[in-house]
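Line order of the protein sequences matches chains A and B. Per UniProt numbering, the very first residue in the first sequence carries number 1; after that it's consecutive. Per UniProt numbering, the very first residue in the second sequence carries number 1; after that it's consecutive. Notes for the one structure printed next.
There are 2 protein chains.
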Amino acid sequence: MTKKNTTIYDISKKLNVSVATVSRALNNHPRISQETKALVMATAKEMNYKQNNLAKALKSGETKTVGVIVPYINTNFFSSVIRGLEEELSPHGYRVIICQSHDDADIEKKQLTTLLHTQVDCIFISISRNTSDMDYVKKIIATTNTPIIFFDRKKDIPGISTITIDDHRGAYVATEHLIQQGYKNIYHFSGDQNLEIYQNRLNGYINALKDYNLPVIKENIINTGSSIEEGINAMKTVCKRKLKPDAIFSASDFTALGVCKEIKNLKLKIPQDIGVIGFSNEPFTQFMELSISSVDQTPVLMGKISGNVFLESIKDNSSGISIEKKLVLAPTLYIRESSKRK
Amino acid sequence: MTKKNTTIYDISKKLNVSVATVSRALNNHPRISQETKALVMATAKEMNYKQNNLAKALKSGETKTVGVIVPYINTNFFSSVIRGLEEELSPHGYRVIICQSHDDADIEKKQLTTLLHTQVDCIFISISRNTSDMDYVKKIIATTNTPIIFFDRKKDIPGISTITIDDHRGAYVATEHLIQQGYKNIYHFSGDQNLEIYQNRLNGYINALKDYNLPVIKENIINTGSSIEEGINAMKTVCKRKLKPDAIFSASDFTALGVCKEIKNLKLKIPQDIGVIGFSNEPFTQFMELSISSVDQTPVLMGKISGNVFLESIKDNSSGISIEKKLVLAPTLYIRESSKRK
DNA sequence: TTGTAGGCGTTATCAC
DNA sequence: GTGATAACGCCTACAA
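The structure is reproduced here in structure tokens:
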């Protein structure tokens, strides 16, 4: 019952030519007569021939397949990056394998090994929260030819290209905007400080305050995660203080949403009493009746650029050595109702 | 500068045994002595041996890779299905390749061909809006061994398993809920009727009205797409009529969101004046200050079940013939503020 | 312009 | 329990 695929041998037999001729005709080799080429093409189609990429890959060492590892695929940010990646690479004949690390370094490592086994031509990773030991990544760089590219959540490692957004700048302009709207006591709800992106957002916040001669107060920096609940809880806590915040810059849209919910719960007004701005430009931020200001990370573009870095590296690689690139994209501030007081 | 991977030949040379022995040892073959097995294993590790899946796949005909084609990956529904798929298949050693059809039948067909070339072990598809000609799919079924599985957006084709939710039931309970809340003049904003899912939602709406002895009025069924704008525009149109709707059942959450925005714009009250319920349970529906009722499609579960159908088919396939399955999942109604009048 | 033959790394079928 | 060898489907020197 098993249906066998037709191979170039089948075609060569039928046409009484050698497999080499068939292969060459199929690959549009220059030194082959037009008629044989046409004939081979025709019979290939007729016999429903499909090239076996496996065999080709085994021979050439190139699978025309890349892998991407993200914490979870069903988030707006990561699925958008992957969309961009697929759209950049697909026209060049590359397939994209997706893996999820579940934000766990061990699983991430396992997925990485699997992708290596699969002989992918490149691996794109946005590292998990608890990834710290990069030794095995360095080992891969040292012992294999498989390039690794980090996007968004990165670590700096020699030989690895990275594509990120300027989180520092995004946080800076967000904070600056709040300052310009007249907010004085701006709190920051930061994300996991094990990740560079959240470190940078914190620093952007701090530097904006400094540049505008506002005091940087340690107690005003609350280390939250990125959930709605944490936003609610953090807001509950800080509103009990004598010196309440009059604005919140959250490193996460979800936390910002929690903040908004709690403000409403406390019968305070946004943006009059308290201004709010988030980060990521999640779809819901603009859908809300009271829309939430946010910083867009241009994820689709990030995916496309990531793919492009890989494609370029192949071109350049004629020299055998490819130089790592460190690309930083510009974030876009979206000012909405939650922070527009003037 | 190119680093070569170590092969079983390298190991066999170093150990002065045959490649067959090495292969067997590595695969834990029963008839091989414990010492050689241990020895091979040790040197394999020492030499940093990595099995070449390509060669294995070429030999066995199994790539341990599946493909999935969706319109766009960066939507909550599709990325969630893919999440489920990956989580079901990954533990069994399968990789997942993702492709986007951009809701276009031609691109979809091309992606399908590419996946076939890649020799994937199974292809999961949620078809595009304008897919109608299924001849090439039937041809693939007839001429290849690659199973195709439809999820959510399907067509009925012999030999193809499908995993869907009971859209009819989802629409029925949504409409029923509106009726029970006392709404009398319930409109339906339907989706693209080329897709079965939207046909079923329409029919569920109709049958609920019938069962409750409410008139089914043709003019109350508006054929919209699935965007916010279309929701706004459709709402503008119908509110100019003499017999205005007092509730909207929308086949899409985005259209429902547009409806809500326009109702607010018209200074009407939700749910007092007009009740609203959507479909898909998009994250934003529960985040809104005025949360929107919706029907959940359990996308992650749908992905897991889809993967499981494939895995089961492999097991069963010892007989050589695999029977198609038609699985229908139960949707869940989430009643929120936009429709709770009593 | 076309044909022959070897090899990519594994596994499986024979032998011994 | 182990070894030699063919085969998976393709590409590509090298010959002719």
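Ideal Cβ positions, reconstructed from N, Cα and C, are used throughout, including at glycine.
Taking residue i as the reference, which of the options has the closest Cα?
i                      : options                           : result
A38 of chain B         : B:V22, B:N48, B:A251 and B:F124   : B:V22
Y183 of chain B        : B:F249, B:S132, B:S190 and B:Y136 : B:F249
I69 of chain A         : B:V96, B:H92 and B:N76            : B:V96
T118 of chain A        : B:N53, B:S226 and B:I232          : B:N53
K3 of chain B          : A:C239, A:E176 and A:A142         : A:A142
G191 of chain B        : B:R169, B:A251 and B:M134         : B:A251
D103 of chain A        : A:S126, A:P91, A:C260 and A:L85   : A:S126
N207 of chain A        : A:S79, A:V173 and A:G231          : A:V173
L329 of chain B        : B:F279, B:T164 and B:T7           : B:T164
T175 of chain B        : B:G204, B:S18, B:K326 and B:P158  : B:G204
I160 of chain B        : B:A171, B:L243, B:L290 and B:I140 : B:I140
G170 of chain B        : B:Y94, B:E62, B:L333 and B:K154   : B:L333
L257 of chain B        : B:M235, B:L243 and B:C239         : B:M235
residue 359 of chain A : A:E229, A:E230, A:G225 and A:E262 : Outside the displayed range of chain A (1 to 342) lies residue 359 of chain A, so it cannot be described from this structure.
L89 of chain B         : B:A105, B:V66 and B:A20           : B:V66
S132 of chain B        : B:V300, B:K154, B:K315 and B:F78  : B:K154
State the CB to CB distance for the pair residue i and residue j, rounded to an integer number of angstroms; the pair is presumed to be in contact (CB under 8 Å).
i                      : j               : result
P71 of chain A         : S128 of chain A : 6 Å
P331 of chain A        : Q297 of chain A : 6 Å
F254 of chain B        : S227 of chain B : 6 Å
M302 of chain B        : F124 of chain B : Not a contact, Cβ separation roughly 10 Å.
R241 of chain B        : Q100 of chain A : Not confirmed; about 49 Å, so no contact.
V309 of chain B        : I292 of chain B : With a Cβ gap of about 32 Å, V309 of chain B and I292 of chain B do not count as contacting.
residue 356 of chain B : I179 of chain B : Residue 356 of chain B is absent from the model: chain B starts at 1 and stops at 342.
I274 of chain B        : P245 of chain B : 7 Å
N200 of chain A        : D167 of chain A : 4 Å
L58 of chain A         : L58 of chain B  : 6 Å
P283 of chain A        : E337 of chain A : At roughly 16 Å, the Cβ-Cβ gap does not stay under 8 Å, so P283 of chain A and E337 of chain A are not in contact.
P147 of chain A        : S313 of chain A : 6 Å
R24 of chain A         : I11 of chain A  : Not quite, the Cβ-Cβ distance comes to about 12 Å (not below 8 Å), so this is no contact.
S306 of chain B        : I157 of chain B : With a Cβ gap of about 16 Å, S306 of chain B and I157 of chain B do not count as contacting.
I want to see whether chain A comes within less than 8 Å of residue i, judged by CB atoms only; does it?
i               : result
K340 of chain B : no
R83 of chain B  : yes
P158 of chain B : no
N233 of chain B : no
A57 of chain B  : yes
P147 of chain B : no
K154 of chain B : no
S79 of chain B  : yes
R336 of chain B : no
Q51 of chain B  : yes
V96 of chain B  : yes
P331 of chain B : no
Y72 of chain B  : yes
Q272 of chain B : no
N48 of chain B  : yes
Q180 of chain B : no
E176 of chain B : no
T162 of chain B : no
P245 of chain B : no
T7 of chain B   : no
When the cut-off is 8 Å and only beta carbons count, does residue i lie next to chain B?
i               : result
V137 of chain A : no
K3 of chain A   : yes
S190 of chain A : no
V276 of chain A : no
L54 of chain A  : yes
E108 of chain A : no
N76 of chain A  : yes
P91 of chain A  : no
T144 of chain A : yes
Of the residues that make up the segment 288 to 300 of chain A, which ones have a beta carbon closer than 9 Å to any beta carbon in chain B? M288, E289, L290, P299 and V300
The segment 20 to 40 of chain B: positions lying closer than 9 Å to chain A by Cβ: none
Take every Cβ of the segment 181 to 199 of chain A, pair it with every Cβ of the segment 218 to 230 of chain A, and state whether three or more of those distances are shorter than 8 Å. yes
Any 3 or more C-beta pairs closer than 8 Å across the segment 261 to 271 of chain A and the segment 110 to 119 of chain A: no
Which of the residues in the segment 193 to 207 of chain A, read from start to end, lie with their CB under 9 Å from any CB of chain B? none
Residues of the segment 209 to 229 of chain B with a CB closer than 9 Å to any CB of chain A: list them in chain order, please. I228
Decide if the segment 30 to 50 of chain B is in contact with the segment 40 to 59 of chain A; the criterion is three or more beta carbon pairs, one per stretch, under 8 Å apart. no
Where the segment 116 to 131 of chain A meets chain B: residues whose CB sits under 8 Å from a CB there: L116, H117, T118 and Q119
Return the residues of the segment 255 to 270 of chain B that lie within a Cβ-Cβ distance of less than 9 Å from chain A, sorted by chain order. L257, C260, K261 and K264
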